[in-house]
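S.K.: Chain order of the listed sequences is A and B.
Under our numbering, the first residue of the first sequence is numbered 131, with each subsequent residue one higher.
Under our numbering, the first residue of the second sequence is numbered 131, with each subsequent residue one higher.
All C-beta atoms, glycine included, are put in the ideal place defined by N, C-alpha and C.
Number of protein chains: 2
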Amino acid sequence: MKVDRHSRFDTMFYPETVAVIGASDHDGFSQALMSTKLRNRVFLVNPRYRELHGRICYRSILDVPEKIDYVVIAVPAPNVPGVLSDCIAKGVTTAHVFTAGFSETGLPERKALEDEVRDIAIGRINLVGPNCMGLHCPASGLAFIPDASTQEGTVGVVSQSGTFAEQFLSVGKLRNVTFSKVVSYGNAVDLDCPDFLEYLTHDPETRVIALYIEGTRNGDRLRRALTEASDLKPTLALKGGVTPDGERAASSHTGSLAGSPETWRALFQQTGAIQVEDFDELLNSTLALSCSRLPARKGTAIVTNSGGFSVLETDLCVRAGLEVPRFAEETTRELRKIVPLAGTSISNPLDAWPIYYNLPGKPGTLADAIRTLSHDRHIHSIVLHFDEVSYLMRILGDAVESLLKELIPVMVDGCKYARDTMDKAVMVCVALDAYSEDEDDRRYHLMAKNAFEAEGFPVYPALGPAIRALFNLYRYSIRRGRP
Amino acid sequence: MKVDRHSRFDTMFYPETVAVIGASDHDGFSQALMSTKLRNRVFLVNPRYRELHGRICYRSILDVPEKIDYVVIAVPAPNVPGVLSDCIAKGVTTAHVFTAGFSETGLPERKALEDEVRDIAIGRINLVGPNCMGLHCPASGLAFIPDASTQEGTVGVVSQSGTFAEQFLSVGKLRNVTFSKVVSYGNAVDLDCPDFLEYLTHDPETRVIALYIEGTRNGDRLRRALTEASDLKPTLALKGGVTPDGERAASSHTGSLAGSPETWRALFQQTGAIQVEDFDELLNSTLALSCSRLPARKGTAIVTNSGGFSVLETDLCVRAGLEVPRFAEETTRELRKIVPLAGTSISNPLDAWPIYYNLPGKPGTLADAIRTLSHDRHIHSIVLHFDEVSYLMRILGDAVESLLKELIPVMVDGCKYARDTMDKAVMVCVALDAYSEDEDDRRYHLMAKNAFEAEGFPVYPALGPAIRALFNLYRYSIRRGRP
C-alpha cells in the first residue's frame, strides 16, 4: 500500500510532459517550466493565442498532440470544471489548479464551485489545489517561479500558502538552502497536507521537512503524519494564525478551521515536530538542520569583535535558551597567549578584535583562537560574528580585497577544524544590512558569505536569526536523544 | 547652575579646534574629523611623523601653534597620563581618551593607571572615557567614524559601548536616522551617563534619546536623569547584560556593576524610559519616534499582497502587543468596490494583491484602499508591506522601472493622506533581503525606500522590526497619556 501511494506521488513529482492551461506572455508558470530541464516538454494552452514564447499555443488540452502527465490550470474559476474534465478525457494524471476564488472567499456559490471541482477530480486525476502554487522539484524540472534554484537539495517544504512557498524558495536561494520538493497545496480539495508529509517522510531525497500550515480538516491524519515524519527526519512546523486576530485572518485566507493555539502547540509537542514562530525562523532553522552538526549541550562560544555587541549577543543566546559559559581555565590560558590585553575579553564571549585580521605568520590568528576554544569541554557550539569589513576598508582602502582573500580562508579553516575535528556546531554571521548601498562593502561581505557556504556552513546576515536557528538545532538534538 | 552645566557641555560638543594625539595614516578619528566642517581646524600630533595626510604632524600637543578646544587621545595606555598633563598645560578644555586597557581589564595595575588619569583630569579638563569613541555632533563637525552621516538631526544617543555607538551611526545612516549628538562614554572616570542624559534632556536639538548601558556606579543619579529625560522626550533604553551570562560579559567589558535584570526593568519602568530588547529594536524604534505620529490605540491595519504572510504578520502584530481588528462594515463595503474577489481578503489584514500595481485611472489603486481604511474608526496605525518588485519584474521586464516611477508616488500619496489628514501612524516595510544579489531588484527596492523616506516615513527592510517599532510608538503614546 505504502509503495503504491509512493509511486502515485512519484508520478506527480516526476512528470515527463507538462502543460500550462491559461498560459500567457507573462505567466510565471510557463516562464518557470521553460527554464528547467522540462523546457522541451512544456506545452502551452490558451484559445486566445496561436503562438506564445515562440511555441505553438493550443486551443485546448485536447488538441495537444502528445500524452501529458501534469497540467497547471490557470483559467478563471468558473472555467475550471470544464478544463478539468478535458484533462481527464486527455488522460492527464495530475492537475494543479492555480486559480483562486473558491471556498476561501467564504461565498456559498464559490464553495459549490469547489465541490464541483472535487467531484470531477476524485478518483480520476490527482488534484493539487485549488488556490496554490503547486509542486516544485528540481530533480524533475517542476517549478512554479522562474528564478528559483534548480539545484537538487535535501529540504522538503509543505505550505498551505502559495506566497509562503514562493518566498521560501526565493529567500532560500539567497541563503543557500537547496530543495528536494516544495509543495503549495492551497485549499486541498483532494491531496492535503498529510498526504505530502507522508510522501516526504519516505522520500529518500528529503532530509529535512519544513511545514507551513494554517488549519486542517483532519487533525488525526495530520497527527499521524507529523509523528511519523518527526520520528524519521527533523520536522519544523510553523502554524499561521496563533493569535485571535491571526486565527481570523487564517480563516479568511484558506477557509481553514484553525483550532486554538494551545491545541496546535500540543500537537507539535506530542508529535515531536519543532514549532517555530515565524517565516525567518523556519527558513533559518531549516538551513541549520540541513547542514550543521547538532550541539550535544547548550554551551555556546561567541566569537566577535565588539565588547558591546558581545554582551547583547550573550543576552540573545541566553534568552533563546542557550548558555554562554565561562571558558575553562586552560582555554583562557591558551587564548591569552594569542590575544593581546587592551580592549579585549578572552572569557566567553571572546572579543578578540586585535587578532581578527591577522594572517598566518602573525603570533595568533582567529583560526588559532577558534581551534583553541573548540577544545573547551563546556563548548558545544560556536557562533562566529564577522563584521570587520568596513573597519578594514577604512584602514586598508583597496588593499582590503587582497587581505580578505587571505583572511577568509583562515577563518573558514578555523571553523572547519571546530566542526570536522571537534564535532561542534558552527554558525556563521556575516553581518550585512539589507539597505547597505556601498557596493564594495556588499561585495566583500558576499565574498565571505560564499566562502563559508562553499564549505557547508550555515551563514546568516544577522546574529539573532543565527542564534534562534542554533537553539532549534539544540532542540532537535534533544529530540534525537543526543547525550 | 543648569545653565552653567549646559554651557560646559556646549563647549565640549561645539569645539572650534580639535587635535588628534596619536594620529596615524589610518586612524579613523583623523579621517572622520577631516571629512566634516572642522576639516581645516584639525591638528595632528604624533612624534613618529613630521607630516600626515598632507599636513604638519606635531611632536606634542604643546607644539601646536593654536589654542585647542578638544583633543582625541589615542596613545598607548601607559602614555595617557603624560599626554593628558600636556593637554592641561596647553589649556585644552576637553579630552576624549580613546585608549583602552584600563580598569575594564580587571587588572589592579590598570585600575591604578585609570585612577591616575582621573586624578590628573578632575577639575582641570573635561574627560570623556577612557575606552570609548567619544563625541559625534554633526552641527559642530565632531565625528568619530569617517562614513557617518553629517546631516544634522534630532536623535541623541548615549552609549557605554564604542562599537555600539559606531554601529548606531552606520546602520542609522542606512535607515535615515539623523543625529543631534552621539556619545560613547566608556569607563566614565569623569563624565558619566547621567551627565550626558541631562545635557540631551535640555538640548533643543535633541528630540528623541536612545541609551545603551551596561551598568552604573551611581544608580540614584541615573534614576533622576532618566526620569527627567522621559518626562520631556521619548527616551528608549537598552540594558546590555540582562541574563546571567550577559551580566558576566558586561562586567568583563566595562567592569560595570551590572545589577539584576529586575532592578533595571523596574528602573526603566519607574522612570518612564521605554526599555527595548536589542540593538535593532532600539534603532528601529528611535527611527519611528523621530518621525511618526503616535497611534492613539492598538488597532492596526496591515496592507499586504500575500494571504499567507498576512496571517503571519497579524500574529506578529498581536504578539507584539497590538491588535488587528476587523474593519468596520462601511470600510469593507467601500473596499469591495475597488478590490476584486478572487484570492483577496478585504477584512483586516488587507490582502489586495490585484490592485497593488494599479495606476490612477484604473478602477482602484492601493492609495484608494489606504485612504478608505484610514477612515476606519478601529484603525490607528497602518503597516504597508511592499514586496511586489520581483513579481513586477517577472511580468513587466524592463518596463518595471517606468511603472514603479508612477506607482511609488501613488502609494506614498495614500500613506500621506492617512498620516497627514487622518493622523494615523504609518509604518512602511520595503522588504529586501540582505543577501539579495540581483542589482536591479535592489535598485528598485531602494527607489521605493528613498521615496517613502523623502516624505518622512519610517521604512524597514522586514516587517517584524516595523511592528516592534510600532508597538514602542504605542507604548510612548500611552506614557504621554494620549487617549
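Beta carbons nearer than 8 Å to chain B: which residues of the region 458-470 of chain A have them?
M.R.: none
S.K.: Within a Cβ cutoff of 6 Å, which residues of the same chain sit near Lys167 (chain A), ignoring the five residues on either side of it in sequence?
M.R.: Along the first sequence, one-based indexing puts residue 167 (chain A) at 37. Cβ within range, chain order: Gly271.
S.K.: Looking only at its own chain, which residues have a Cβ that is under 6 Å from the Cβ of Gly286 (chain B), when we skip the five neighbours before and after it?
M.R.: If you number the second sequence from 1, residue 286 (chain B) lands on position 156. Non-local beta-carbon contacts of Gly286 (chain B) in its own chain, meaning distances under 6 Å to residues more than five positions away in sequence, involve Ser310, Lys311, Leu330, Thr336, Ile339 in chain order.
S.K.: Could you tell me how far apart the beta carbons of Thr444 (chain A) and Ser511 (chain A) are, in whole angstroms, since I believe they sit closer than 8 Å?
M.R.: Here residue 444 (chain A) refers to the residue found at position 314 when the first sequence is read from its first residue. Here residue 511 (chain A) refers to the residue found at position 381 when the first sequence is read from its first residue. About 13 Å; that fails the 8 Å criterion.
S.K.: Only counting the same chain, and skipping five residues up and downstream in sequence, which positions put a Cβ closer than 7 Å to that of Val133 (chain A)?
M.R.: Position 3 of the first sequence, counting from 1, holds the residue named residue 133 (chain A). Because the pLDDT of Val133 (chain A) is 43, which lies under 50, any placement of that residue in the model is unreliable, and the question is left without a value.
S.K.: Helix, strand or coil, according to DSSP, for Cys262 (chain B) in the structure here?
M.R.: Working through the second sequence from its first residue, we reach residue 262 (chain B) at position 132. Looking at Cys262 (chain B) - three-state DSSP - the assignment turns out to be coil, as it is neither helix nor strand.
S.K.: The beta strand (DSSP E) that contains Ile203 (chain A), what's its start and end?
M.R.: Position 73 of the first sequence, counted from the start, is the residue given in the question as residue 203 (chain A). Where Ile203 (chain A) is concerned, the enclosing beta strand (DSSP E) starts and stops at 200-203.
S.K.: How many angstroms separate the CA atom of Met131 (chain A) from the CA atom of Phe326 (chain A)?
M.R.: What you label residue 131 (chain A) is simply residue 1 of the first sequence in a count that begins at 1. What you label residue 326 (chain A) is simply residue 196 of the first sequence in a count that begins at 1. Residue placement at Met131 (chain A) is poorly supported in this model, since its pLDDT is 35, which falls under 50; the coordinates are not used for a value here.
S.K.: Between Phe143 (chain A) and chain B, is the shortest Cβ-Cβ distance under 8 Å, so that the two count as touching?
M.R.: On the first sequence, position 13 is the one that residue 143 (chain A) refers to. Answer no: the Cβ-Cβ gap between Phe143 (chain A) and chain B never drops below 8 Å.
S.K.: With a threshold of 8 Å between beta carbons, is Phe398 (chain B) in contact with chain A?
M.R.: Along the second sequence, one-based indexing puts residue 398 (chain B) at 268. So no, Phe398 (chain B) is outside the interface.
S.K.: Tell me, which residues are paired with Leu480 (chain A) by DSSP?
M.R.: Against the first sequence, residue 480 (chain A) aligns to sequence position 350. Note: Leu480 (chain A) is bridge-paired with A:Val433 in the DSSP secondary-structure output.
S.K.: Pull up the CB-CB distance for Thr623 (chain B) and Asp249 (chain B), whole angstroms please, since I reckon it's below 8 Å.
M.R.: Because chain B is modelled from 131 through 613, residue 623 (chain B) falls outside the range shown and cannot be assessed.
S.K.: Are three or more beta carbon pairs between the region 569-584 of chain A and the region 588-601 of chain B nearer than 8 Å?
M.R.: no
S.K.: Run the CB neighbour count on Ile191 (chain A), radius 10 Å, all protein chains shown included, and call it buried at 16 or more, exposed below.
M.R.: Mapped onto the first sequence, residue 191 (chain A) falls at position 61. Ile191 (chain A) is buried by the Cβ-count criterion.
S.K.: Contact check, Val589 (chain A) vs Ile500 (chain A) under 8 Å by CB: the rounded distance?
M.R.: Residue numbering aside, residue 589 (chain A) sits at position 459 when the first sequence is read from its first letter. Residue numbering aside, residue 500 (chain A) sits at position 370 when the first sequence is read from its first letter. Incorrect: roughly 16 Å between the Cβ atoms, too far for contact.
S.K.: Taking Cβ-Cβ distances shorter than 8 Å, what residues in chain B pair up with Gly594 (chain A)?
M.R.: Residue 594 (chain A) sits at position 464 when you count from the first residue of the first sequence. By Cβ distance, chain B contributes Asp408, Asp410.
S.K.: Give the C-beta separation of Ile343 (chain B) and Arg605 (chain B) to the nearest angstrom, bearing in mind that I take them to be a contact with Cβ-Cβ under 8 Å.
M.R.: Taking the second sequence and counting its residues from 1, one reaches residue 343 (chain B) at position 213. Taking the second sequence and counting its residues from 1, one reaches residue 605 (chain B) at position 475. That pair is no contact at about 19 Å.
S.K.: Is there a Cβ of chain B sitting closer than 8 Å to that of Ala380 (chain A), yes or no?
M.R.: Your numbering for residue 380 (chain A) matches position 250 in the first sequence. By this cut-off, Ala380 (chain A) is an interface position.
S.K.: Round the Cβ separation of Ile252 (chain A) and Asp320 (chain A) to the nearest angstrom and send it over; I've been treating them as touching at under 8 Å.
M.R.: Taking the first residue of the first sequence as position 1, residue 252 (chain A) is located at position 122. Taking the first residue of the first sequence as position 1, residue 320 (chain A) is located at position 190. At roughly 6 Å, the Cβ-Cβ gap stays under 8 Å, so Ile252 (chain A) and Asp320 (chain A) are in contact.
S.K.: Please list the partners that Thr293 (chain A) has in chain B, where partner means a Cβ-to-Cβ separation under 8 Å.
M.R.: Counting from 1 along the first sequence, the entry for residue 293 (chain A) is found at position 163. Chain B residues near Thr293 (chain A): Asn435, Ser436, Gly437, Gly438, Phe439.
S.K.: Please look up how many angstroms separate the CB atoms of Leu496 (chain B) and Met541 (chain B), rounded, as I've assumed it's under 8 Å.
M.R.: Against the second sequence, residue 496 (chain B) aligns to sequence position 366. Against the second sequence, residue 541 (chain B) aligns to sequence position 411. The Cβ separation is near 5 Å, so the contact holds.
S.K.: Just the C-alpha distance for Leu537 (chain B) and Asn488 (chain B), rounded to the nearest angstrom, thanks.
M.R.: Numbered from 1 along the second sequence, position 407 holds the residue referred to as residue 537 (chain B). Numbered from 1 along the second sequence, position 358 holds the residue referred to as residue 488 (chain B). Computed Cα separation, rounded: 7 Å.
S.K.: Starting from Asp528 (chain A), find everything on chain B with Cβ-Cβ shorter than 7 Å and list it in chain order.
M.R.: Translated into the one-based positions of the first sequence, residue 528 (chain A) becomes position 398. The premise fails here: Asp528 (chain A) is roughly 13 Å from chain B at the closest Cβ pair, so nothing lies under 7 Å.
S.K.: Rounded C-beta distance between Pro276 (chain A) and Gly158 (chain A)? I'm assuming under 8 Å.
M.R.: Position 146 of the first sequence, counted from the first residue, corresponds to residue 276 (chain A). Position 28 of the first sequence, counted from the first residue, corresponds to residue 158 (chain A). Going by Cβ atoms, the distance from Pro276 (chain A) to Gly158 (chain A) rounds to 6 Å, so yes, they are a contact pair.
S.K.: What residue range does the beta strand (DSSP E) around Lys311 (chain B) cover?
M.R.: Here residue 311 (chain B) is taken as the residue at index 181 of the second sequence, counted from 1. From DSSP, the beta strand (DSSP E) with Lys311 (chain B) extends over 309-314.
S.K.: Once the 5 residues before and after Pro177 (chain A) are set aside, which same chain residues still bring their CB inside 8 Å of it?
M.R.: For this step, residue 177 (chain A) is matched to residue 47 along the first sequence. Correct list, in chain order: Arg189, Ser190.
S.K.: For Met523 (chain A), which residues in the same chain have their Cβ closer than 8 Å to its Cβ, ignoring the five residues on either side in sequence?
M.R.: Translated into the one-based positions of the first sequence, residue 523 (chain A) becomes position 393. Within its own chain, the residues whose Cβ lies closer than 8 Å to the Cβ of Met523 (chain A), once the five positions on either side in sequence are excluded, are Val530, Asp570, Asp571, Tyr574, listed in chain order.
S.K.: Given a threshold of 16 other Cβ atoms within 10 Å of its Cβ, counted over all protein chains shown, does Arg378 (chain B) qualify as buried or as exposed?
M.R.: Residue numbering aside, residue 378 (chain B) sits at position 248 when the second sequence is read from its first letter. The C-beta of Arg378 (chain B) has 16 or more other C-beta atoms within 10 Å across all chains shown, which makes the residue buried.
S.K.: Beta-carbon within less than 7 Å of Glu518 (chain A)'s beta-carbon, same chain only, minus the 5 sequence neighbours each way: which residues are those?
M.R.: Mapped onto the first sequence, residue 518 (chain A) falls at position 388. Same-chain partners within the cutoff: Asn435, Tyr486, Tyr487.
S.K.: Please report how far the alpha carbon of Arg171 (chain B) lies from the alpha carbon of Val148 (chain B), in whole angstroms.
M.R.: In the second sequence, the residue the question calls residue 171 (chain B) occupies position 41. In the second sequence, the residue the question calls residue 148 (chain B) occupies position 18. Cα-Cα distance, rounded: 6 Å.
S.K.: Determine, using beta carbons only, whether Pro334 (chain A) comes closer than 8 Å to chain B.
M.R.: Translated into positions along the first sequence, residue 334 (chain A) becomes position 204. Cβ-Cβ to chain B under 8 Å: no for Pro334 (chain A).
S.K.: If you run the structure through DSSP and keep just helix, strand and coil, what is Gly611 (chain A)?
M.R.: As a position in the first sequence, residue 611 (chain A) is number 481, starting the count at 1. It is coil, neither helix nor strand.
S.K.: Please name the residue or residues paired with Cys267 (chain A) in a DSSP beta bridge.
M.R.: Here residue 267 (chain A) corresponds to residue number 137 of the first sequence, with the count starting at 1. Its beta-bridge partners are A:Leu272.
S.K.: From the beta carbon of Arg449 (chain B), is the nearest beta carbon of chain A less than 8 Å away?
M.R.: Taking the second sequence and counting its residues from 1, one reaches residue 449 (chain B) at position 319. It does: the Cβ of Arg449 (chain B) has a partner Cβ on chain A nearer than 8 Å.
S.K.: Which chain A residues sit within Cβ distance under 8 Å of Arg456 (chain B)?
M.R.: Here residue 456 (chain B) corresponds to residue number 326 of the second sequence, with the count starting at 1. The answer, in chain order, is Arg378.
S.K.: Just to confirm the assignment, what range does the beta strand (DSSP E) spanning Thr365 (chain B) have?
M.R.: On the second sequence, residue 365 (chain B) is found 235 positions in, with the first residue counted as 1. Run containing Thr365 (chain B): 365-369, per the beta strand (DSSP E) assignment.
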